[in-house]
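The next block holds one structure in the form of C-alpha coordinates; read it before the comments.
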(Lines of atoms letter the chains of each structure in order from A; the text may use other names.)
(Lines give C-alpha, C1' and ligand atoms only; values in the text may rest on other atoms or scores of the structure.)
Protein backbone atom coordinates (compact mmCIF):
# COMPACT_ATOMS: atom_id res chain seq x y z
CA UNK A 1 0.00 0.00 0.00
CA UNK A 2 1.62 3.24 -1.17
CA UNK A 3 1.11 6.34 1.00
CA UNK A 4 3.81 8.41 -0.67
CA UNK A 5 2.99 12.12 -0.50
CA UNK A 6 0.55 11.76 2.39
CA UNK A 7 1.04 13.32 5.81
CA UNK A 8 -0.33 11.70 8.96
CA UNK A 9 -0.65 12.61 12.63
CA UNK A 10 -0.81 9.78 15.15
CA UNK A 11 -1.66 10.87 18.69
CA UNK A 12 -0.21 8.83 21.54
CA UNK A 13 2.39 7.30 19.24
CA UNK A 14 5.43 7.24 21.49
CA UNK A 15 4.95 3.56 22.29
CA UNK A 16 2.64 0.58 21.94
CA UNK A 17 -0.07 0.53 19.31
CA UNK A 18 0.41 4.20 18.42
CA UNK A 19 4.09 3.67 17.63
CA UNK A 20 3.23 0.63 15.50
CA UNK A 21 0.70 2.74 13.56
CA UNK A 22 3.25 5.50 12.98
CA UNK A 23 5.95 3.06 11.87
CA UNK A 24 3.60 1.31 9.43
CA UNK A 25 2.44 4.58 7.87
CA UNK A 26 6.03 5.77 7.50
CA UNK A 27 7.07 2.45 5.98
CA UNK A 28 4.28 2.88 3.42
CA UNK A 29 5.69 6.28 2.46
CA UNK A 30 3.75 8.77 4.59
CA UNK A 31 5.39 11.56 6.54
CA UNK A 32 4.37 11.23 10.19
CA UNK A 33 3.86 13.56 13.13
CA UNK A 34 4.58 11.56 16.28
CA UNK A 35 2.87 12.69 19.48
CA UNK A 36 3.20 11.74 23.13
CA UNK A 37 3.30 13.40 26.54
CA UNK A 38 6.90 12.29 27.19
CA UNK A 39 9.79 13.90 25.35
CA UNK A 40 11.88 10.75 25.65
CA UNK A 41 9.21 8.62 24.02
CA UNK A 42 8.73 11.10 21.17
CA UNK A 43 12.46 11.39 20.51
CA UNK A 44 12.91 7.61 20.52
CA UNK A 45 9.96 7.06 18.17
CA UNK A 46 11.14 9.71 15.70
CA UNK A 47 14.66 8.29 15.77
CA UNK A 48 13.37 4.77 15.13
CA UNK A 49 11.24 5.86 12.17
CA UNK A 50 13.95 7.99 10.57
CA UNK A 51 16.58 5.29 11.09
CA UNK A 52 14.35 2.98 9.03
CA UNK A 53 14.26 5.54 6.21
CA UNK A 54 10.98 7.22 7.09
CA UNK A 55 10.13 10.87 7.63
CA UNK A 56 8.90 11.97 11.05
CA UNK A 57 8.79 14.87 13.46
CA UNK A 58 7.69 14.88 17.06
CA UNK A 59 5.27 16.97 19.09
CA UNK A 60 5.09 16.72 22.87
CA UNK A 61 1.55 17.54 23.96
CA UNK A 62 -1.28 16.12 26.04
CA UNK A 63 -4.33 15.91 23.81
CA UNK A 64 -7.63 17.24 25.08
CA UNK A 65 -7.25 20.97 24.94
CA UNK A 66 -7.92 22.87 21.72
CA UNK A 67 -4.45 24.40 21.92
CA UNK A 68 -2.85 20.94 21.77
CA UNK A 69 -4.90 20.02 18.70
CA UNK A 70 -3.98 23.25 16.96
CA UNK A 71 -0.32 22.64 17.82
CA UNK A 72 -0.42 19.19 16.20
CA UNK A 73 -2.11 20.32 12.99
CA UNK A 74 0.19 23.37 12.85
CA UNK A 75 3.26 21.14 13.11
CA UNK A 76 2.00 18.92 10.30
CA UNK A 77 1.46 21.88 7.98
CA UNK A 78 4.64 23.67 9.00
CA UNK A 79 6.92 20.63 8.61
CA UNK A 80 5.28 18.81 5.69
CA UNK A 81 2.95 21.34 4.05
CA UNK A 82 -0.38 19.56 4.57
CA UNK A 83 -2.43 17.00 6.51
CA UNK A 84 -4.10 13.93 4.99
CA UNK A 85 -4.60 11.47 7.83
CA UNK A 86 -5.37 11.79 11.54
CA UNK A 87 -5.29 8.79 13.88
CA UNK A 88 -6.62 9.57 17.36
CA UNK A 89 -4.90 6.91 19.43
CA UNK A 90 -3.90 8.77 22.62
CA UNK A 91 -5.43 7.46 25.81
CA UNK A 92 -5.05 6.77 29.51
CA UNK A 93 -6.70 4.43 32.02
CA UNK A 94 -8.07 5.18 35.49
CA UNK A 95 -9.92 1.95 36.22
CA UNK A 96 -12.25 1.86 39.23
CA UNK A 97 -15.64 0.34 39.97
CA UNK A 98 -18.45 2.89 39.92
CA UNK A 99 -18.65 3.51 43.65
CA UNK A 100 -14.91 4.09 43.91
CA UNK A 101 -14.43 6.22 40.79
CA UNK A 102 -13.65 9.84 41.57
CA UNK A 103 -14.60 12.88 39.51
CA UNK A 104 -10.94 13.17 38.54
CA UNK A 105 -10.76 9.52 37.40
CA UNK A 106 -13.76 10.09 35.16
CA UNK A 107 -12.82 13.50 33.84
CA UNK A 108 -9.18 12.63 33.09
CA UNK A 109 -10.07 9.65 30.90
CA UNK A 110 -12.94 11.39 29.11
CA UNK A 111 -10.74 14.46 28.50
CA UNK A 112 -8.00 12.48 26.77
CA UNK A 113 -10.06 9.92 24.87
CA UNK A 114 -13.31 11.69 24.03
CA UNK A 115 -12.46 15.38 24.13
CA UNK A 116 -9.01 14.73 22.70
CA UNK A 117 -10.56 12.92 19.76
CA UNK A 118 -13.07 15.74 19.28
CA UNK A 119 -10.58 18.62 19.40
CA UNK A 120 -8.01 16.92 17.18
CA UNK A 121 -10.61 15.78 14.65
CA UNK A 122 -12.19 19.22 14.54
CA UNK A 123 -8.87 20.92 13.85
CA UNK A 124 -7.98 18.27 11.26
CA UNK A 125 -11.35 18.61 9.52
CA UNK A 126 -10.93 22.38 9.25
CA UNK A 127 -7.51 21.93 7.64
CA UNK A 128 -8.62 19.12 5.31
CA UNK A 129 -11.65 21.10 4.13
CA UNK A 130 -9.41 24.09 3.42
CA UNK A 131 -7.08 21.89 1.36
CA UNK A 132 -10.04 20.60 -0.64
CA UNK A 133 -8.50 17.19 -1.40
CA UNK A 134 -10.32 15.00 1.12
CA UNK A 135 -8.74 13.16 4.00
CA UNK A 136 -8.95 10.34 6.50
CA UNK A 137 -10.00 10.44 10.16
CA UNK A 138 -9.28 7.14 11.90
CA UNK A 139 -10.62 7.08 15.45
CA UNK A 140 -9.46 4.39 17.85
CA UNK A 141 -12.19 2.68 19.84
CA UNK A 142 -12.19 -0.43 22.04
CA UNK A 143 -14.22 -3.59 22.71
CA UNK A 144 -15.02 -1.96 26.06
CA UNK A 145 -16.86 0.80 24.23
CA UNK A 146 -18.82 -1.73 22.20
CA UNK A 147 -19.87 -4.00 25.06
CA UNK A 148 -18.92 -2.37 28.37
CA UNK A 149 -16.25 -3.67 30.75
CA UNK A 150 -16.07 -4.12 34.51
CA UNK A 151 -14.28 -1.24 36.24
CA UNK A 152 -14.15 0.94 33.13
CA UNK A 153 -17.09 3.33 33.34
CA UNK A 154 -14.97 6.23 32.11
CA UNK A 155 -13.07 4.36 29.39
CA UNK A 156 -16.08 2.44 28.04
CA UNK A 157 -18.20 5.60 27.91
CA UNK A 158 -15.48 7.53 26.08
CA UNK A 159 -14.85 4.76 23.56
CA UNK A 160 -18.58 4.34 22.89
CA UNK A 161 -18.78 8.08 22.29
CA UNK A 162 -15.89 7.90 19.84
CA UNK A 163 -17.75 5.41 17.65
CA UNK A 164 -20.85 7.63 17.77
CA UNK A 165 -18.74 10.58 16.66
CA UNK A 166 -17.31 8.55 13.77
CA UNK A 167 -20.80 7.82 12.47
CA UNK A 168 -21.84 11.45 12.85
CA UNK A 169 -18.74 12.93 11.24
CA UNK A 170 -18.93 10.45 8.35
CA UNK A 171 -22.19 12.20 7.37
CA UNK A 172 -20.97 15.71 8.03
CA UNK A 173 -17.68 15.36 6.13
CA UNK A 174 -18.80 13.19 3.22
CA UNK A 175 -19.21 16.13 0.84
CA UNK A 176 -15.61 17.16 1.52
CA UNK A 177 -14.33 13.69 0.63
CA UNK A 178 -13.19 13.02 4.20
CA UNK A 179 -13.85 9.50 5.45
CA UNK A 180 -14.28 8.77 9.14
CA UNK A 181 -14.01 5.30 10.65
CA UNK A 182 -13.50 3.79 14.08
CA UNK A 183 -10.98 1.01 14.57
CA UNK A 184 -11.54 -1.50 17.40
CA UNK A 185 -8.08 -3.02 17.97
CA UNK A 186 -7.11 -5.96 20.16
CA UNK A 187 -3.39 -6.59 20.67
CA UNK A 188 -0.84 -7.80 23.19
CA UNK A 189 0.09 -4.61 25.02
CA UNK A 190 0.93 -3.65 28.57
CA UNK A 191 -2.81 -3.25 29.16
CA UNK A 192 -3.84 -6.69 27.90
CA UNK A 193 -1.07 -8.23 29.99
CA UNK A 194 -3.15 -7.29 33.04
CA UNK A 195 -5.93 -9.69 31.95
CA UNK A 196 -5.31 -12.92 33.95
CA UNK A 197 -6.37 -15.25 31.11
CA UNK A 198 -4.00 -13.58 28.65
CA UNK A 199 -1.01 -12.59 30.79
CA UNK A 200 0.78 -15.97 31.09
CA UNK A 201 0.33 -16.74 27.38
CA UNK A 202 1.67 -13.35 26.30
CA UNK A 203 4.58 -13.57 28.73
CA UNK A 204 5.49 -17.06 27.49
CA UNK A 205 5.43 -15.86 23.89
CA UNK A 206 7.69 -12.95 24.75
CA UNK A 207 10.05 -15.22 26.70
CA UNK A 208 10.40 -17.87 24.00
CA UNK A 209 9.94 -15.74 20.90
CA UNK A 210 7.28 -18.14 19.69
CA UNK A 211 4.07 -16.82 18.06
CA UNK A 212 0.95 -16.48 20.15
CA UNK A 213 -1.15 -19.69 19.98
CA UNK A 214 -3.79 -20.12 17.31
CA UNK A 215 -6.68 -20.14 19.80
CA UNK A 216 -5.65 -16.69 21.00
CA UNK A 217 -5.03 -15.22 17.55
CA UNK A 218 -8.19 -16.64 15.97
CA UNK A 219 -10.79 -17.25 18.71
CA UNK A 220 -9.96 -14.17 20.77
CA UNK A 221 -8.66 -12.06 17.89
CA UNK A 222 -5.58 -11.07 19.88
CA UNK A 223 -2.13 -10.84 18.32
CA UNK A 224 0.77 -8.44 18.16
CA UNK A 225 0.55 -4.68 17.70
CA UNK A 226 1.84 -5.20 14.16
CA UNK A 227 -1.26 -7.28 13.36
CA UNK A 228 -3.39 -4.14 13.69
CA UNK A 229 -1.35 -1.96 11.36
CA UNK A 230 -2.64 -3.39 8.07
CA UNK A 231 -6.11 -2.00 8.74
CA UNK A 232 -4.70 1.39 9.73
CA UNK A 233 -2.63 1.59 6.55
CA UNK A 234 -5.59 0.53 4.41
CA UNK A 235 -7.92 3.11 5.94
CA UNK A 236 -5.25 5.79 5.43
CA UNK A 237 -4.95 4.96 1.74
CA UNK A 238 -6.83 6.01 -1.38
CA UNK A 239 -8.05 2.41 -1.72
CA UNK A 240 -10.44 2.97 1.23
CA UNK A 241 -12.16 6.03 -0.21
CA UNK A 242 -15.55 4.29 -0.21
CA UNK A 243 -15.30 3.12 3.40
CA UNK A 244 -16.75 5.51 5.98
CA UNK A 245 -18.95 5.53 9.08
CA UNK A 246 -17.81 2.04 10.07
CA UNK A 247 -16.55 0.41 13.28
CA UNK A 248 -13.98 -2.18 12.23
CA UNK A 249 -12.36 -4.68 14.57
CA UNK A 250 -8.92 -6.15 14.03
CA UNK A 251 -6.54 -8.31 16.03
CA UNK A 252 -4.51 -11.47 15.53
CA UNK A 253 -6.03 -13.40 12.63
CA UNK A 254 -9.42 -11.68 12.90
CA UNK A 255 -10.91 -8.81 10.89
CA UNK A 256 -14.49 -7.91 11.77
CA UNK A 257 -17.20 -5.37 11.05
CA UNK A 258 -19.16 -4.33 14.14
CA UNK A 259 -22.90 -3.94 13.64
CA UNK A 260 -24.57 -0.61 14.29
CA UNK A 261 -27.07 -0.70 17.18
CA UNK A 262 -30.52 -1.61 15.92
CA UNK A 263 -33.88 -2.70 17.28
CA UNK A 264 -33.76 -6.43 17.95
CA UNK A 265 -37.38 -7.08 18.92
CA UNK A 266 -40.49 -4.92 18.63
CA UNK A 267 -44.04 -5.21 19.97
CA UNK A 268 -47.05 -2.93 19.63
CA UNK A 269 -49.99 -2.07 21.87
CA UNK A 270 -52.91 0.08 20.79
CA UNK A 271 -52.90 3.25 22.88
CA UNK A 272 -49.36 2.69 24.20
CA UNK A 273 -47.73 0.64 26.91
CA UNK A 274 -48.59 0.77 30.61
CA UNK A 275 -46.12 -0.51 33.19
CA UNK A 276 -48.42 -3.45 33.88
CA UNK A 277 -48.66 -4.34 30.18
CA UNK A 278 -44.88 -4.30 29.82
CA UNK A 279 -44.48 -6.49 32.91
CA UNK A 280 -47.04 -8.93 31.58
CA UNK A 281 -45.28 -9.58 28.31
CA UNK A 282 -41.63 -8.68 28.80
CA UNK A 283 -40.17 -12.15 29.47
CA UNK A 284 -42.17 -13.80 26.69
CA UNK A 285 -42.15 -10.90 24.23
CA UNK A 286 -39.62 -8.17 23.53
CA UNK A 287 -37.35 -9.22 26.40
CA UNK A 288 -37.46 -12.97 25.75
CA UNK A 289 -33.88 -12.99 24.43
CA UNK A 290 -32.03 -10.17 26.26
CA UNK A 291 -28.74 -8.91 24.91
CA UNK A 292 -25.47 -9.93 26.56
CA UNK A 293 -23.16 -7.29 28.02
CA UNK A 294 -19.51 -7.08 28.93
CA UNK A 295 -16.52 -8.48 27.05
CA UNK A 296 -16.89 -12.29 26.91
CA UNK A 297 -14.43 -14.29 28.99
CA UNK A 298 -11.65 -15.95 26.95
CA UNK A 299 -12.47 -19.50 25.85
CA UNK A 300 -8.92 -20.68 26.42
CA UNK A 301 -6.94 -23.26 24.53
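In full-length UniProt numbering, the protein residues as written are 1 to 301.
Don't be surprised by glycine CBs; every beta carbon is placed ideally from N, CA and C.
Beta-carbon contacts of residue 128 that lie in its chain and below 6 Å, excluding the five residues immediately before and after: Same-chain partners within the cutoff: 135, 178.
Residue 172 versus residue 143: straight-line alpha-carbon distance, rounded: If I take the Cα positions, the gap works out to 25 Å.
Reduced DSSP category for residue 162 - H, G, I as helix; E, B as strand; rest coil: The answer is helix: DSSP assigns residue 162 an H, G or I state.
Beta-carbon proximity check, residue 95 vs residue 155, cutoff 9 Å: It is a contact, given that the beta carbons lie within the stated cut-off.
Three-way DSSP call (helix, strand, coil) for residue 31 in this model: In the displayed model, residue 31 falls within a strand according to three-state DSSP.
Cβ neighbours of residue 113 in the same chain (closer than 6 Å, five flanking residues each side left out): Exclusion of the five residues before and after residue 113 leaves 91, 158 as the residues of its chain whose Cβ lies within less than 6 Å of its Cβ.
Residue closest to residue 192, alpha-carbon to alpha-carbon, out of 220, 83, 108: Nearest C-alpha to residue 192: 220.
Whether residue 205 touches residue 188 by CB criterion (9 Å): The answer is yes: Cβ separation under 9 Å.
Selected residue, minimal CA-CA separation from residue 2, among 13, 30, 19, 247: Answer by Cα proximity: 30.
Alpha-carbon spacing of residue 28 relative to residue 207, whole angstroms: So the alpha carbons of these two residues sit roughly 30 Å apart.
The segment 258-274 touching the segment 43-58, judged by at least three CB pairs closer than 8 Å: The answer is no - the segment 43-58 does not touch the segment 258-274, with fewer than three Cβ pairs under 8 Å.
Residue 5 to residue 118 span [Cα, whole Å]: Cα-Cα distance, rounded: 26 Å.
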